[in-house]
Each structure stands twice: as C-alpha cells, then as structure tokens.
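S.K.: When you read off a place in the sequence shown, starting at 1, and then add 11, the result is the number in this note's numbering. One structure is given below, represented as structure tokens, and several questions about it will come after.
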Amino acid sequence: MIYLVVMESSWDALIAIAGVVTALGTVAMAIAVVVTAVIAARTLRAARDDSRARSRPTIVAELRRELLAQGTILLVLRNLGSTVASNVRVSFDPGPASDIDALADSDMWKWVFQRYSSAITTWAPGWTLSNVIRTGDDPLPPLSVTVEYDGPDGTHYGDVFLLHPDHILKETSSNPTKGRDAQTTEQQKVAALQALVRTVRSL
C-alpha cells in the first residue's frame with residue numbers, strides 16, 4: 012500500500028509539472044505571436060513611410076542669382092519631388108500690405124504677392140516658378156517663405172524656408188582679366204559664356 016501511495020503521489024506530481032510546463036509553453040507561444048505581430052506592424056509602417064517619403068512632392072523655395080544681370084536675385088519655387096502637389100499655398104514674412112493692388116507697378120514684390128495670393132491647384136513635378144525680387148544694388152532684407160500643400164494620398168506638408176540674401180550675394184567667382192578694345196570685348200564674351208554655363212549647371 013505504501014508503494015502504491017508513493018507511485019500515485021509521484022504520478023500526480025508529474026502531471027502537475029507537465030501542466031505547468033504546458034501552460035508556460037502556451038504563454039511563451041502567445042508572447043512570441045504578439046512580438047512577431049508588433050515587429051511585422053512596425054516593418055509595414057516603416058515600409059509605408061519610406062514609400063511615402065520617396066514618392067511625395069517636395070516644394071522648395073530658394074534665392075538664386077541671375078548671373079547675366081549684375082545684382083539681380085530671383086525668388087525660385089520648384090517641386091523637386093516625384094509626384095504632384097495639390098492646393099499649394101505660399102505666404103511670406105514680411106507679408107504684403109493690406110491692399111496689394113495699391114502697390115506701385117515698379118515694386119517687384121507686388122507681382123510676387125499677386126502671383127501667390129491664391130492657392131495653386133496643381134503643381135507638377137519639376138515645375139519651377141521664379142520672380143525677380145532685387146536688381147542692381149537695391150537693399151534686400153532677409154525673408155521667410157512658408158509653403159503648404161497636400162500630397163496625392165492626402166498627406167499635408169508644410170515647410171518654412173529662411174532665406175538670407177548674403178548666402179547668394181557673398182558668392183565669389185573669377186573672370187578673365189579685362190583689357191581694352193577688341194581684347195576687352197572678347198574677354199567679356201568669354202565671361203558671359205562662363206556665366207551662362209554656370210547658370211545652366213545650376214538648373
């Protein structure tokens with residue numbers, strides 16, 4: 012009898028241990044499933060974000076020198092992305108006066124403010140808009156340009172570009188030494204061609 016009791020007790024203990032092991036294995040499997048699901052969700056989200064980043068529109072604002080016109084600076088906006096931007100709105104700081112139309116026609120900012128006063132419905136990839144905002148030695152204070160727009164999937168984007176004229180005006184370059192008469196003319200032609208080449212390369 013004593014032997015049977017011991018055997019039954021050992022068997023019950025083994026069953027209990029097996030039950031605990033089975034329960035622990037079930038919990039471990041459940042944890043593994045949850046961890047796998049979390050990793051898969053994060054991977055899917057990262058892939059989606061990467062695809063969106065690579066296929067999104069990207070509109071940038073910049074100042075650019077007009078190399079063939081001394082002292083002339085252009086305000087340039089262009090879509091460097093691979094998709095169309097929609098409902099594009101552009102604002103400036105300092106902003107326009109309350110009545111843009113009251114500005115003199117000789118004020119170059121009048122045309123800039125009028126151009127961007129309404130939202131641009133569609134801005135295709137590669138499309139570039141430019142305006143002259145400075146000529147000669149006219150003063151040009153720093154400015155900021157805010158561009159807001161929607162991507163093809165409805166994602167809203169917004170960027171602020173702080174533009175300082177010194178970043179453009181303080182550029183240095185070299186040209187052939189100018190002589191006189193025919194030699195001067197030829198050297199000026201070479202300088203103009205070099206400027207043209209630089210302009211093409213900057214596009």
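Think of the CB as a built atom: it goes at the ideal place given N, C-alpha and C, for glycine as much as any other residue. A quick note: this is a predicted structure, and the numbers were derived from the prediction, not measured.
Taking one C-beta from the stretch 80-100 and one from the stretch 135-148 each time, how about it: are there three or more such pairs within less than 8 angstroms?
M.R.: Touching, yes, given that three or more Cβ pairs across the two stretches are closer than 8 angstroms.
S.K.: Starting from residue 178, trace the alpha helix (DSSP H) both ways and give me its first and last residue.
M.R.: Note, residue 178: alpha helix (DSSP H), 177-180.
S.K.: Kindly indicate the opening and closing residues of the alpha helix (DSSP H) around residue 122.
M.R.: Looking at the DSSP string, the run of the alpha helix (DSSP H) that includes residue 122 is 119-126.
S.K.: Where residue 168 and residue 68 are concerned, what is the direct C-alpha to C-alpha distance, given to the nearest angstrom?
M.R.: Going by the C-alpha atoms only, they are around 9 angstroms apart.
S.K.: By the three-class DSSP mapping on this structure, what secondary structure does residue 100 have?
M.R.: strand
S.K.: How long is the line joining the alpha carbons of residue 151 and residue 170, rounded to whole angstroms?
M.R.: 22 angstroms
S.K.: Go ahead and pull the three-state DSSP assignment for residue 66.
M.R.: helix
S.K.: Report all residues from its chain with a CB closer than 6 angstroms to the CB of residue 131; omit the five preceding and five following residues, and keep chain order.
M.R.: Excluding sequence neighbours, residue 131 sits near 99.
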